[in-house]
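> Be aware that the sequence shown starts at 1220, since it is given in the numbering used here, and climbs by one per residue. Glycine included, every Cβ here is placed at the ideal spot set by N, Cα and C. None of these values were measured; they are calculated from a predicted model. Here it is: the structure, laid out below.
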Amino acid sequence: MLRSLLMAIPSPHRTGHPGSRILSAASYRPRTEVGNETVAALIDSSDEWIRRRCGIESRRHAAPDEDMVTMAAAAGSKAIAGAGIDPRDVSAVLVATMSHRGRATTVAPLVAEALGATAAAAMDLGAACAGFPYALATADAIVRGGAAGYVLLVGAERMTDIIDERDRGTAFLFGDGAGAVVVGPAQTREIGPVVWGSDGARSEVLRFDEAGILRMAGPEVFRWATSVVPDVAGRALDAAGISASDLAAFIPHQANLRITSVAAKALELGPHVRVSTDIVTNGNTGAASIPQAMAALADTSGQALLVGFGAGLSYAAQVVTLP
């Protein structure tokens, strides 16, 4: 009886698409710029030590009125405008974050509400600093599968909420902010196959302590990242059927300028490939770092290799056509 009733209910006809593409990219950077001298004073360090260790010169810290929803909605609004669509056209809102500490369990429905995308499906995706490519793979799949028309994907972090400002291992690295892209249908596949994985056996090297503060074993994370990033990046190029020489840009998660340099050298990127160094003036903004770095390369066109990696430990990479 139940089966006959279910069969009698008409199901919506969903038509998929041959491919998907990124239509726009946008960024929100908090108003307050914090230089190395300010951070160094709290961790018995120096500007020179911080620059040498990670390449960062400054980062942005969010003010009390720049909460997660405010930053995510600001970046999302700019991305929607850049895509030339109305918020009501958005079928799904995905927010990649590891630092949401609001009273609501998830931030994505609040972002959808703030933007006027009130009918959109909304969910958070927690894959730490690999969150953006994980969410991008999700957006690509649901657009190609017909479950969504346009997807707003936001990476947003208030990392200052989850770090100890006196922790010499993390305080100098992280910043706050949000980045967003709109993913829509395309006649060809302009978001390449994702190559991803995890290494839970090493989860203790980047974890939350009992108080919910992020702790990191820096040397161990550095060794892991410099091993996994070139490997997953190379496999993503293979999956997309291209070589490094075909790239216009390399946009890895902005974790450490030294990690970026090691990966770029291992991939033998030519001088024509723009290598993102957004970390220098933005710090490590977690899941927001890749879309923010992409927005900063607005004058670049062609194919870009994206690589995310971080706590979990998780990693993912894919080749995309820049908007």
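(1) Tell me, to the nearest whole angstrom, how far the beta carbon of Leu1313 is from that of Met1342; I am working on the premise that it is less than 8 Å.
(2) If you run the structure through DSSP and keep just helix, strand and coil, what is Glu1409?
(3) Could you tell me the alpha carbon to alpha carbon distance between Cys1348 and Ala1367, rounded to whole angstroms?
(4) Is there contact here, the segment 1521 to 1534 with the segment 1294 to 1309, by at least three beta-carbon pairs under 8 Å?
(5) Could you pull out every residue in the same chain whose Cβ sits closer than 7 Å to the Cβ of Leu1261, ignoring the five residues on either side in sequence?
(6) Helix, strand or coil, according to DSSP, for Asn1475 in the structure here?
(7) In terms of DSSP beta bridges, what is Ile1241 paired with?
(8) Got a sec: does the ligand SAM put a non-hydrogen atom nearer than 7 Å to the Cβ of Arg1240?
(9) What residues match up with Tyr1369 in a beta bridge as DSSP calls it?
(10) Opposite Tyr1353 in the DSSP bridges: which residues?
(11) For the alpha helix (DSSP H) containing Met1287, list its first residue and its last residue.
(12) DSSP beta-bridge partners for His1491?
(13) Going by DSSP in three states, Thr1251 sits in which element: helix, strand or coil?
(14) How would you call Phe1393, buried or exposed, if buried means at least 16 neighbouring beta carbons within 10 angstroms?
(15) State yes or no: is the C-beta of Gly1543 within less than 8 Å of the C-beta of Gly1388?
(16) Any chance you could list the alpha helix (DSSP H) runs of at least 4 consecutive residues sitting entirely within the segment 1507 to 1541, in chain order?
(17) Quick one: what's got a C-beta closer than 8 Å to Ile1432's C-beta in the same chain, skipping five residues either side?
(18) Hey, quick one: how far does the alpha helix (DSSP H) through Ser1446 stretch, first residue to last?
(19) Val1401 to Leu1371, Cα distance in whole Å?
(20) Restricting to Cα atoms, I'd like to know which of Arg1250, Ala1536, Pro1237 is closest to Asp1450.
(21) Let me know if His1193 comes out buried or exposed under the rule of 16 or more other beta-carbons within 10 Å of its beta-carbon.
(22) To the nearest angstrom, how far is the alpha carbon of Ile1461 from that of Pro1404?
(23) In the DSSP assignment, the alpha helix (DSSP H) including Asp1266 goes from what residue to what residue?
(24) So what's Ile1470 in DSSP terms, helix, strand or just coil?
(25) On the CB-based measure, 16 or more other CB atoms within 10 Å of its CB, does Glu1487 come out buried or exposed?
(26) In angstroms, rounded to a whole number, what distance separates the CA positions of Ser1318 and Asp1266?
(27) From the DSSP output, read off the bridge partner residues of Ala1176.
(28) Does chain B have any CB closer than 8 Å to the CB of Ala1367?
(29) Just list the residues that DSSP pairs Asp1343 with in beta bridges.
(30) Using the Cα positions of Val1326 and Ser1243, report the straight-line distance between them to the nearest angstrom.
(31) Could you tell me which of Val1258, Ala1459, Thr1289, Pro1352 sits nearest to Arg1248, measuring between CA atoms?
(32) Going by the DSSP bridge assignment, what does Ser1417 pair with across the sheet?
According to the structure data:
(1) What you label residue 1313 is simply residue 94 of the sequence shown in a count that begins at 1. What you label residue 1342 is simply residue 123 of the sequence shown in a count that begins at 1. Going by Cβ atoms, the distance from Leu1313 to Met1342 rounds to 6 Å, so yes, they are a contact pair.
(2) Residue numbering aside, residue 1409 sits at position 190 when the sequence shown is read from its first letter. Note: Glu1409 maps to coil in three-state DSSP.
(3) The residue given as residue 1348 occupies position 129 in the sequence shown. The residue given as residue 1367 occupies position 148 in the sequence shown. Whole-angstrom Cα-Cα distance: 25 Å.
(4) no
(5) For the purposes of this step, residue 1261 is taken as the residue at position 42 of the sequence shown. Around Leu1261: Glu1384, Arg1385, Ala1390.
(6) Counting from 1 along the sequence shown, the entry for residue 1475 is found at position 256. Reduced to three states, the DSSP call for Asn1475 is coil.
(7) For this step, residue 1241 is matched to residue 22 along the sequence shown. In the DSSP output, where bridge partners are listed per residue, Ile1241 has Val1402.
(8) In terms of ligand content, the structure shown is empty, and the ligand SAM therefore cannot be addressed.
(9) The sequence position of residue 1369 within the sequence shown is 150, counting from 1. Answer is Val1309.
(10) As a working note, residue 1353 is residue 134 in the sequence shown. None; Tyr1353 has no bridge partner.
(11) For the purposes of this step, residue 1287 is identified with residue 68 of the sequence shown, where counting begins at 1. Counting along the chain, the alpha helix (DSSP H) containing Met1287 begins and ends at 1287 to 1302.
(12) Sequence index remark: in the sequence shown, residue 1491 carries index 272 (1-based). According to DSSP, which records beta bridges pairwise, His1491 is partnered with nothing at all.
(13) Locating residue 1251 in the sequence shown gives position 32, counting from the first residue. DSSP places Thr1251 in strand when its eight states are reduced to three.
(14) If you number the sequence shown from 1, residue 1393 lands on position 174. Its Cβ being crowded by 16 or more others within 10 Å, Phe1393 is buried.
(15) This structure does not reach residue 1543, given that the chain is present from 1220 up to 1542, and the question cannot be answered.
(16) 1508 to 1515
(17) The residue labelled residue 1432 in the question sits at position 213 within the sequence shown. Excluding positions up to five away in sequence, the list reads Ile1381, Ile1382, Asp1383, Asp1386.
(18) As a working mapping, residue 1446 is identified with position 227 in the sequence shown. It spans 1437 to 1459 - the alpha helix (DSSP H) in which Ser1446 sits, taken as one unbroken run.
(19) Translated into the one-based positions of the sequence shown, residue 1401 becomes position 182. Translated into the one-based positions of the sequence shown, residue 1371 becomes position 152. Rounded to whole angstroms, Val1401 to Leu1371 spans 5 Å at the Cα level.
(20) Residue 1450 sits at position 231 when you count from the first residue of the sequence shown. If we check each option's Cα against that of Asp1450, Ala1536 comes out closest.
(21) Residue 1193 lies beyond the residue range present for the chain, which begins at 1220 and ends at 1542; the question has no answer from this structure.
(22) Within the sequence shown, residue 1461 is the residue found at index 242, counting from 1. Within the sequence shown, residue 1404 is the residue found at index 185, counting from 1. Straight-line Cα distance between these residues: approximately 22 Å.
(23) Within the sequence shown, numbered from 1, the residue matching residue 1266 stands at position 47. It spans 1266 to 1273 - the alpha helix (DSSP H) in which Asp1266 sits, taken as one unbroken run.
(24) Looking up residue 1470 in the sequence shown gives position 251. If DSSP states are grouped into helix, strand and coil, Ile1470 belongs with the strands.
(25) Here residue 1487 is taken as the residue at index 268 of the sequence shown, counted from 1. Looking at its Cβ environment, which holds fewer than 16 other Cβ atoms inside 10 Å, Glu1487 is exposed.
(26) The count along the sequence shown starts at 1 and reaches residue 1318 at position 99. The count along the sequence shown starts at 1 and reaches residue 1266 at position 47. Taking the straight line joining both Cα atoms gives about 26 Å.
(27) The question about residue 1176 has no answer here: the residues shown for the chain are numbered 1220 through 1542.
(28) In summary, chain B is missing from the structure at hand, where a single protein chain is found.
(29) The residue you call residue 1343 lines up with position 124 of the sequence shown. Bridge partners of Asp1343: Val1314.
(30) If you number the sequence shown from 1, residue 1326 lands on position 107. If you number the sequence shown from 1, residue 1243 lands on position 24. Roughly 22 Å separates the two Cα atoms.
(31) Looking up residue 1248 in the sequence shown gives position 29. Ranking the options by Cα distance to Arg1248, first place goes to Thr1289.
(32) As a working mapping, residue 1417 is identified with position 198 in the sequence shown. DSSP, once it has assigned bridges, lists Ser1533 as partnering Ser1417.
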